[in-house]
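Undergrad: Using the numbering used here, the letters of the sequence shown correspond one by one to residues 1 to 64.
Have a look at this one before I ask anything.
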Amino acid sequence: GNPESLLEESHNEIGEVEYPVYTKPTIWRGLEVPEVLTSGNHGEIARWRREEGLRRSESLRKSE
1 GNPESLLEES HNEIGEVEYP VYTKPTIWRG LEVPEVLTSG NHGEIARWRR EEGLRRSESL
61 RKSE
């Protein structure tokens, strides 16, 4: 496989967790998929994923 794919695993060596994952439908029980994920803009989607992963990692560290 691709060794770089390990960087996106939910438990990587640098201690970051994965970004949230969404599926269809885009609205479920009042929760909506972030618009950026349905935009088709791969650069913006990648940025959102990085930022959300970092945000979630930081949030988990604070709760420890």
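Note that CB positions come from ideal geometry on N, CA and C, so glycine has one too.
For clarity, every value in this text was computed on a predicted model and none was experimentally measured.
Here's the rule I'm using: 16 or more other beta-carbon atoms within 10 Å means buried, otherwise exposed. How should GLU16 be labelled?
TA: Translated into the one-based positions of the sequence shown, residue 16 becomes position 16. Looking at its Cβ environment, which holds 16 or more other Cβ atoms inside 10 Å, GLU16 is buried.
Undergrad: Can you tell me which of ARG49, LEU31, GLY30 puts its alpha carbon nearest to the alpha carbon of LEU37?
TA: Here residue 37 corresponds to residue number 37 of the sequence shown, with the count starting at 1. The option with the nearest alpha carbon to LEU37 is ARG49.
Undergrad: For GLU52, I'd like the list of residues in its chain whose CB is within less than 8 Å of its CB, leaving aside the five on either flank, ordered along the chain.
TA: Taking the sequence shown and counting its residues from 1, one reaches residue 52 at position 52. Excluding positions up to five away in sequence, the list reads TYR19, PRO20.
Undergrad: Using alpha carbons as the reference points, say which of PRO34, SER59, ALA46 lies closest to TYR22.
TA: Position 22 of the sequence shown holds residue 22. Taking only the C-alpha atoms, the option nearest TYR22 is PRO34.
Undergrad: Does DSSP classify GLU16 as helix, strand or coil?
TA: Position 16 of the sequence shown, counted from the start, is the residue given in the question as residue 16. Here GLU16 sits in coil by DSSP.
Undergrad: Report the rounded CA-to-CA distance for GLY1 versus ALA46, giving the unit in angstroms.
TA: Position 1 of the sequence shown, counting from 1, holds the residue named residue 1. Position 46 of the sequence shown, counting from 1, holds the residue named residue 46. Those two C-alpha atoms are separated by around 21 Å.
Undergrad: Please return the same chain residues whose Cβ sits closer than 7 Å to the Cβ of LEU54, not counting the five positions on each side in sequence.
TA: Taking the first residue of the sequence shown as position 1, residue 54 is located at position 54. In the same chain as LEU54, and ignoring 5 residues on each side of it, the C-beta atoms closer than 7 Å to its own belong to GLU16, in chain order.
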